[in-house]
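Just below is one structure, and these are the notes that go with it.
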Amino acid sequence: MRLSTHSRQDQPTPVATGFTLIELIIGVVVLAFAFSLIATLIFPQAIRSAEPVLQVRAANLAQAFMEEIQGKAFDDNSAKSGGTLRCGEAGAPACSTTFGPDGENRDRFDDVDDYHQLEQSQPDLADVLGANLADDYRGFSYAINVCYSDSQGTCVAGITTFKRVQVALATSQSQDFVFSFIKGNY
Numbered sequence: 685m686r687l688s689t690h691s692r693q694d695q696p697t698p699v700a701t702g703f704t705l706i707e708l709i710i711g712v713v714v715l716a717f718a719f720s721l722i723a724t725l726i727f728p729q730a731i732r733s734a735e736p737v738l739q740v741r742a743a744n745l746a747q748a749f750m751e752e753i754q755g756k757a758f759d760d761n762s763a764k765s766g767g768t769l770r771c772g773e774a775g776a777p778a779c780s781t782t783f784g785p786d787g788e789n790r791d792r793f794d795d796v797d798d799y800h801q802l803e804q805s806q807p808d809l810a811d812v813l814g815a816n817l818a819d820d821y822r823g824f825s826y827a828i829n830v831c832y833s834d835s836q837g838t839c840v841a842g843i844t845t846f847k848r849v850q851v852a853l854a855t856s857q858s859q860d861f862v863f864s865f866i867k868g869n870y
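Below you can see the structure in the form of structure tokens.
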């Protein structure tokens, strides 16, 4: 039997592997800095990513209300069938001085000023036919105001041939949007 001529001292010593305490501390500090950077820069952007979606929904809802209202007569005393006389003209009844519904529900509104001070919020959001909109517009609310105005849309005290309709919407993230249009007595 042959004996090995190598002694234990001839073998290489094993090299220590792993991290030192200083390397661990530096790693933890760098990791903490990276997490704090992510938390302050990226996470808030995730919350704001819903804003464009809510803006589009608000615009769509406002457009639906404005189209509904634009299809109505200018005034309660206007001819509903497209007559030749408009309210306030010679030989025609005077235009209304009070705004708001004339005792009817929204599905019976027949002129622009019936929508004055119409307000709804979730879960009561509904379209003109009574279809529930609460699932599509969760957290939304709206208020509609009507006033006599000049041709530029500034509300005035007297009766004019223009009415400004303002639709104010609030989203679930407390974003407020105001849309308006002018309806002329034509």
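My numbering numbers the first residue of the sequence shown as 685 and each following residue consecutively.
Think of the CB as a built atom: it goes at the ideal place given N, C-alpha and C, for glycine as much as any other residue.
The model shown is predicted, which means the values in this text are computed figures rather than measured ones.
Who are the near neighbours of residue i in its chain, counting only those whose CB is closer than 6 Å to its CB and skipping five residues on each side?
| i | result |
| --- | --- |
| CYS771 | ASP759, ASN761, SER762, PRO777, CYS779 |
| PRO785 | ASP798 |
| PHE783 | ASP797, HIS800, VAL830 |
| GLU803 | ALA827 |
Sorted by chain position, which residues of the same chain lie with C-beta nearer than 8 Å to residue i's C-beta, five sequence neighbours on each side aside?
| i | result |
| --- | --- |
| GLU735 | GLN857, GLN859 |
| CYS839 | CYS831, TYR832, SER833, ARG848 |
Can you tell me which residues form a DSSP beta bridge with residue i?
| i | result |
| --- | --- |
| ARG848 | CYS831, ILE866 |
| PHE861 | LEU853 |
| ASN805 | Reading off the sequence, residue 805 comes out as Ser, not Asn. Bridge partners of SER805: SER825. |
| ASP820 | Answer is none; ASP820 lacks a bridge partner. |
| ASP791 | Its beta-bridge partners do not exist; DSSP assigns none. |
| ALA810 | ASN816 |
| CYS839 | SER833 |
Can you check which of these residues, the options, is closest to residue i by C-alpha distance?
| i | options | result |
| --- | --- | --- |
| LEU853 | THR781, SER805, PHE727, GLY842 | SER805 |
| GLN836 | GLU773, PRO785, LYS847, ALA827 | LYS847 |
| ILE654 | GLN850, VAL849, TYR832 | In the structure as shown, the chain begins at 685 and stops at 870. Residue 654 is therefore absent and cannot be evaluated. |
| PHE793 | VAL851, ALA757, SER733, ARG741 | ALA757 |
| THR855 | PHE719, VAL737, ALA723, ILE726 | VAL737 |
| LEU813 | ASN789, ALA827, ASP819 | ASN789 |
| ALA742 | TYR826, THR838, ASP808, LYS867 | TYR826 |
| ASN744 | SER720, THR845, ASP811, GLN729 | ASP811 |
| GLN850 | ILE828, THR701, PHE719, ALA774 | ILE828 |
| PHE824 | ASP834, THR781, ALA815, PRO807 | PRO807 |
| ASP845 | ASN869, THR838, ARG822, CYS839 | Correcting the residue identity first, residue 845 is Thr in this sequence and not Asp. Closest option to THR845, Cα to Cα, is ASN869. |
| ASP791 | ALA815, ALA716, GLU773 | ALA815 |
| THR781 | ALA841, SER733, GLY702 | ALA841 |
Report yes if the C-beta of residue i is less than 7 Å from at least one heavy atom of the ligand GTP; otherwise report no.
| i | result |
| --- | --- |
| SER864 | Here there are no bound small molecules, and the ligand GTP is not part of this structure. |
Residues in the same chain with beta-carbon distance under 7 Å from residue i, minus the five sequence neighbours each way, listed in chain order, please.
| i | result |
| --- | --- |
| LEU725 | none |
| ILE753 | VAL796, TYR799, VAL849 |
| ALA818 | GLN806, PRO807, LEU809 |
| ARG822 | GLN806, SER856 |
*Using 8 Å as the threshold, is the stretch 853-863 in touch with the stretch 735-753, meaning 3 or more CB pairs across them?*
yes
*Just list the beta strand (DSSP E) runs in the stretch 725-774, keeping only unbroken ones of 3 residues or longer that don't cross its boundaries, in chain order.*
none
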